[in-house]
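Numbering (the working numbering), first residue to last: 211 to 644.
We put the beta carbon where it would ideally sit given N, CA and C, even for glycine.
Below is one structure, written out as structure tokens; comments come after it.
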């Protein structure tokens with residue numbers, strides 16, 4: 211164990227030294243996200259060390275993807291690369307740059323600016339393709355991790371409450387620990403995939419890409435940093451609760467987890483699309499929180515309580531059944547409100563890709579609701595009868611699988627763009643009559 215810690219410390223000390231040997235962009239003109247009143251005459255990139263200009267050291271793309279930058283040249287004395295520009299008409303522009311640093315690595319970056327218009331985020335830079343199916347899967351794993359971690363802790367505190375056997379306690383922390391590690395790792399993976407998309411580079415060169423415009427210049431990047439730090443704190447609290455066997459630490463971890471979940475609501479469609487408001491952000495947070503507690507509770511019931519604590523099965527099942535009824539009601543209410551907000555017309559449900567995924571999600575939620583209703587009204591009154599617990603174990607696994615499918619649909623919807631809102635109609639001028 212000590213040897214492993216020494217290796218980790220050595221890597222932590224050595225890695226930064228090698229990572230920062232290459233050149234870094236210090237200043238750019240026009241600057242990132244700048245809105246210019248007049249057309250700039252040139253693009254100037256200044257680095258922290260002298261660099262060589264490659265043939266495509268500076269490219270400036272119009273909205274249609276045409277490169278309008280002149281031949282780039284290096285100015286070693288100023289540690290700059292410069293490219294002239296023609297007179298730019300009104301519109302957004304994307305700057306893609308690359309330079310050869312002294313250590314032989316090619317550093318690369320992207321940023322945007324606008325001439326008499328607002329600069330688009332780098333995730334919408336020319337050449338970026340947007341979320342992929344890989345990102346959908348990673349987002350789904352992120353939601354699953356949230357359910358296992360935050361939803362699992364909620365189940366432990368709100369449903370089980372009392373002490374658990376050593377075996378059950380150990381399994382609870384294993385499931386919760388897997389969840390929080392999944393959240394941290396998939397969060398980093400999601401950020402890197404988004405960065406790889408807007409940089410448009412192979413992985414070998416992506417390692418030396420400048421991700422600062424994504425991390426600090428977009429709502430997605432800022433949320434990523436805050437949520438990674440927040441859930442790292444949650445992970446530490448879970449670990450301390452396991453070491454000290456103190457549920458008070460789990461309460462703190464649970465509260466912080468619910469707070470940091472809101473980052474997804476503050477950076478997604480509910481906070482950025484047309485018609486967004488504090489109410490849409492709140493509804494999105496309620497929707498995600500209810501799904502997290504519901505799915506996480508199902509997994510804890512099926513994987514922790516059922517196989518390890520037969521004496522708690524009936525009590526935990528009854529309590530969770532009552533809580534699940536409230537959670538699914540909140541899930542449906544918030545989801546219905548958000549669907550009405552994001553779909554301008556009813557026919558968007560069957561004429562747009564976003565609507566198709568939403569219909570699948572609604573169907574899965576309806577199936578899960580029917581499943582839960584059968585548990586509540588049929589299984590709960592008969593739970594003490596012989597043979598019922600064995601059947602319930604299988605149905606709980608089935609309901610958990612449906613819940614996971616709901617999270618997959620939610621992940622695809624999160625990365626999908628809703629249909630555009632209709633433009634407001636211009637007021638009709640009154641015609642005077644004489």
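Other residues of its chain near residue i: CB distance less than 6 Å, five sequence neighbours each side excluded
i           : result
residue 211 : Note that residue 211 scores 46 on pLDDT, short of 50, meaning its location in the model is unreliable; the coordinates nonetheless yield the value given after this. Correct list: empty, nothing qualifies.
residue 298 : 249, 325
residue 347 : none
residue 383 : 452
residue 171 : With the chain represented from 211 up to 644, any question about residue 171 goes unanswered, as that position is not in the structure.
residue 377 : 518
Cβ-based neighbour list, residue i, same chain, cut-off 7 Å, excluding 5 preceding and 5 following
i           : result
residue 545 : 497
residue 375 : 518, 519
residue 475 : 481, 491, 494, 495, 498
residue 257 : 233, 234, 235, 236, 289, 309
residue 508 : 606, 609, 610, 613
residue 296 : 278
residue 182 : Residue 182 lies beyond the stretch modelled for the chain, which goes from 211 to 644, so this question has no answer here.
Simplified DSSP assignment, three categories, for residue i
i           : result
residue 285 : strand
residue 510 : helix
residue 242 : coil
residue 547 : helix
residue 258 : coil
residue 182 : Missing from the structure shown is residue 182; the chain here goes from 211 to 644 and no further.
residue 263 : strand
residue 291 : strand
residue 299 : coil
residue 419 : strand
residue 471 : helix
residue 318 : strand
residue 398 : helix
residue 236 : strand
residue 364 : helix
residue 523 : helix
residue 309 : strand
residue 269 : strand
residue 324 : strand
residue 410 : coil
residue 379 : helix
Residue j beta carbon less than 7 Å from that of residue i
i           : j           : result
residue 263 : residue 311 : no
residue 425 : residue 419 : no
residue 282 : residue 268 : yes
residue 447 : residue 463 : yes
residue 252 : residue 294 : yes
residue 361 : residue 515 : no
residue 254 : residue 305 : no
residue 392 : residue 355 : yes
residue 409 : residue 320 : yes
residue 502 : residue 357 : yes
residue 341 : residue 428 : no
residue 407 : residue 329 : no
Cβ distance (whole Å) where residue i is taken to contact residue j below 8 Å
i           : j           : result
residue 353 : residue 621 : 6 Å
residue 359 : residue 386 : 6 Å
residue 466 : residue 440 : 6 Å
Distance between residue j and residue i (C-alpha atoms, nearest Å)
i           : j           : result
residue 518 : residue 526 : 13 Å
residue 611 : residue 619 : 13 Å
residue 553 : residue 379 : 45 Å
residue 495 : residue 540 : 11 Å
residue 477 : residue 493 : 14 Å
residue 510 : residue 436 : 28 Å
residue 239 : residue 397 : 32 Å
residue 453 : residue 571 : 39 Å
residue 421 : residue 334 : 14 Å
residue 350 : residue 468 : 18 Å
residue 363 : residue 395 : 19 Å
residue 371 : residue 461 : 11 Å
residue 566 : residue 314 : 49 Å
residue 270 : residue 417 : 23 Å
residue 434 : residue 366 : 27 Å
residue 390 : residue 548 : 28 Å
residue 318 : residue 344 : 23 Å
residue 368 : residue 488 : 28 Å
residue 241 : residue 473 : 27 Å
residue 261 : residue 405 : 23 Å
residue 373 : residue 521 : 12 Å
Same chain, Cβ closer than 8 Å to residue i, five either side skipped, listed in chain order
i           : result
residue 272 : 278, 301, 303, 336
residue 513 : 381, 385
residue 450 : 456, 459
residue 538 : 500, 504, 575, 578, 579, 582
residue 327 : 245, 300, 301, 302
residue 316 : 264, 308, 309, 310, 415, 418
Below-7 Å beta-carbon distance, residue i vs any chain B residue
i           : result
residue 506 : Included in the structure is just one protein chain, with no chain B present.
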